[in-house]
Amino acid sequence: MAMKIRLARGGSKKRPFYRIVASDSRMPRDGRFIEKLGTYNPLLPKDSEERVKMDVERIQHWLGQGAQPTDRVARMLEAAGLKEKTERSNPNKGTPGKKAQERAEEKAAKAAAPAEEEASAE
């Protein structure tokens, strides 16, 4: 059974609240889980101690059993000092989309047209 340590969403619409849970990876995000390991409230300020609460001993137990944390939970574990920091690199994430690239090309072409006219007039 492939185990994951991940976030399960709770809270109402536009008011997210997450539980950090250990679950079978085949179960749905908000579905059945094996154990609740903590909570995460993104609405609180980043420096608040109540923002992320974790049961450190149980998380270490599940990591020892081979559970894999999701990317967001792994960042929380790194911030808490439970996991070594890993280097992340996603160079394609920052590149503009197709439409934005087309708009940039059109803008550059419009800016170049008057400059060409001035050069040809001189």
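Using the working numbering, the letters of the sequence shown map in sequence onto residues 103 to 224.
Every residue gets a Cβ at the ideal spot worked out from N, C-alpha and C, and that includes glycine.
Under 8 Å between C-beta atoms of residue i and residue j
i	j	result
Asn143	Glu152	yes
Gln162	Leu184	yes
Ala169	Lys106	yes
Asp132	Arg111	yes
Start and end residues, alpha helix (DSSP H) containing residue i
i	result
Glu55	Examination of residue 55 is not possible in this model, given that the chain is present from 103 through 224 alone.
First and last residue of the uninterrupted beta strand (DSSP E) at residue i
i	result
Glu180	Unbroken run through Glu180 is the alpha helix (DSSP H), 173-182; no beta strand (DSSP E).
Under the three-state DSSP convention, the category residue i falls into
i	result
Glu151	coil
Gln167	coil
Ala104	coil
Lys200	helix
Selection from the options that minimises the alpha carbon distance to residue i
i	options	result
Leu146	Tyr120, Ala213, Thr188	Tyr120
Ala124	Asp157, Ala211, Lys209	Asp157
(request) Mind listing, in chain order, the continuous beta strand (DSSP E) runs of no fewer than 3 residues lying wholly within the stretch 106-163? (result) 119-126, 137-142, 154-156
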